[in-house]
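Participant: Pasting a structure here, questions to come.
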Amino acid sequence: MNSIHLKPTQKFIILDKNNLVIHRDVQKALSIWHQFRPRVMSINMGSLDDYYRPPLRLICGTDVTYYFFSEFRRIDNVLREEVNVRQPCLVAAESLRDIKRLAWSEVVELAFLRGVYHPAFLTALINNAPKSIICELMNIDRLTVDNYCGFAGISQSAYEYQQCKSIKEEKGLGLIKNMSWLG
116 MNSIHLKPTQ
126 KFIILDKNNL
136 VIHRDVQKAL
146 SIWHQFRPRV
156 MSINMGSLDD
166 YYRPPLRLIC
176 GTDVTYYFFS
186 EFRRIDNVLR
196 EEVNVRQPCL
206 VAAESLRDIK
216 RLAWSEVVEL
226 AFLRGVYHPA
236 FLTALINNAP
246 KSIICELMNI
256 DRLTVDNYCG
266 FAGISQSAYE
276 YQQCKSIKEE
286 KGLGLIKNMS
296 WLG
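FYI, the numbering for the sequence shown is 116 to 298, going by the numbering used here.
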């Protein structure tokens, strides 16, 4: 029987854009998260002692490369604000199913945010996300508008209102799309 080391190793690692890479199987999840993420200020964790920062889950790659697959907001802060600061990390063996579920769970949580544009978000999920994982995370049988609205805690009429409102806003002021006449 093949022995797999399942216990994560704990390390303090200085992460930067050269040694921290997105796991190849969750690139779509990160892309959708970036598209719909909330634009809020974050807490500066750089001044905290190494032992008190929340640990990051990583997978060890070749050489000194580490792959991240979840905690997108925290990774974003590390790469923007906490460069050259040791980060507590849990480096574990790769479990592809769990990696995908953790990544897509962060995306699915965006459905609960105030101000999310639900029709575009649902379309992004339908077109890019693995249906079986999304349905499992939402605890639904099929990914439909009705099931999504029940999961997100909104009424179907609010969903349809957002949909209609965006169509009216796209028509805009009635200006022609070719603005070459201004030049």
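For glycine and all other residues, C-beta sits at the position ideal for the given N, C-alpha and C.
Buried or exposed: LYS215, going by 16 or more other Cβ atoms within 10 Å of its Cβ?
Facilitator: The sequence position of residue 215 within the sequence shown is 100, counting from 1. Buried, since its Cβ has 16 or more Cβ neighbours within 10 Å.
Participant: Which ranges does the alpha helix (DSSP H) cover as unbroken runs of at least 4 residues, wholly within the segment 161-219, from first to last along the chain?
Facilitator: Runs found: 187-196.
Participant: Considering only the beta carbon of each residue, do PRO123 and PRO170 sit closer than 7 Å?
Facilitator: In the sequence shown, the residue the question calls residue 123 occupies position 8. In the sequence shown, the residue the question calls residue 170 occupies position 55. Cβ distance not < 7 Å, so PRO123 and PRO170 don't count as in contact.
Participant: Do you know how far the Cα of CYS175 is from the Cα of ARG257?
Facilitator: On the sequence shown, residue 257 is found 142 positions in, with the first residue counted as 1. On the sequence shown, residue 175 is found 60 positions in, with the first residue counted as 1. Near 35 Å, if we compare the C-alpha coordinates of CYS175 and ARG257.
Participant: Return the residue from the list ARG172, GLN150, LEU237 that minimises the CA-CA distance to HIS138.
Facilitator: In the sequence shown, residue 138 corresponds to position 23, counting from 1. The option with the nearest alpha carbon to HIS138 is ARG172.
Participant: So who's on the other strand from THR124, going by DSSP bridges?
Facilitator: For the purposes of this step, residue 124 is identified with residue 9 of the sequence shown, where counting begins at 1. DSSP output for THR124 lists VAL206 as bridge partner(s).
Participant: Hey, LEU194 and LYS132 are a contact pair by Cβ (cut 8 Å); roughly how many whole angstroms apart?
Facilitator: Numbered from 1 along the sequence shown, position 79 holds the residue referred to as residue 194. Numbered from 1 along the sequence shown, position 17 holds the residue referred to as residue 132. At roughly 6 Å, the Cβ-Cβ gap stays under 8 Å, so LEU194 and LYS132 are in contact.
Participant: What distance in whole Å lies between the Cβ atoms of LEU252 and SER210, which are believed to be in contact at a cut-off of 8 Å?
Facilitator: Within the sequence shown, residue 210 is the residue found at index 95, counting from 1. Within the sequence shown, residue 252 is the residue found at index 137, counting from 1. With a Cβ gap of about 16 Å, SER210 and LEU252 do not count as contacting.
Participant: Within the same chain, show all residues whose beta-carbon is closer than 6 Å to that of ILE255, passing over the 5 residues directly before and after it, in chain order.
Facilitator: In the sequence shown, residue 255 corresponds to position 140, counting from 1. Cβ within range, chain order: ASN262.
Participant: Work out the CA separation of ASP178 and PHE266 for me, nearest whole Å.
Facilitator: Translated into the one-based positions of the sequence shown, residue 266 becomes position 151. Translated into the one-based positions of the sequence shown, residue 178 becomes position 63. Whole-angstrom Cα-Cα distance: 42 Å.
Participant: Can you give the beta carbon distance from ASN243 to ILE147, rounded, assuming they're within the 8 Å contact cut?
Facilitator: As a working note, residue 243 is residue 128 in the sequence shown. As a working note, residue 147 is residue 32 in the sequence shown. With a Cβ gap of about 6 Å, ASN243 and ILE147 count as contacting.
Participant: Where does the unbroken beta strand (DSSP E) through VAL136 begin, and where does it stop?
Facilitator: Working through the sequence shown from its first residue, we reach residue 136 at position 21. Looking at the DSSP string, the run of the beta strand (DSSP E) that includes VAL136 is 135-137.
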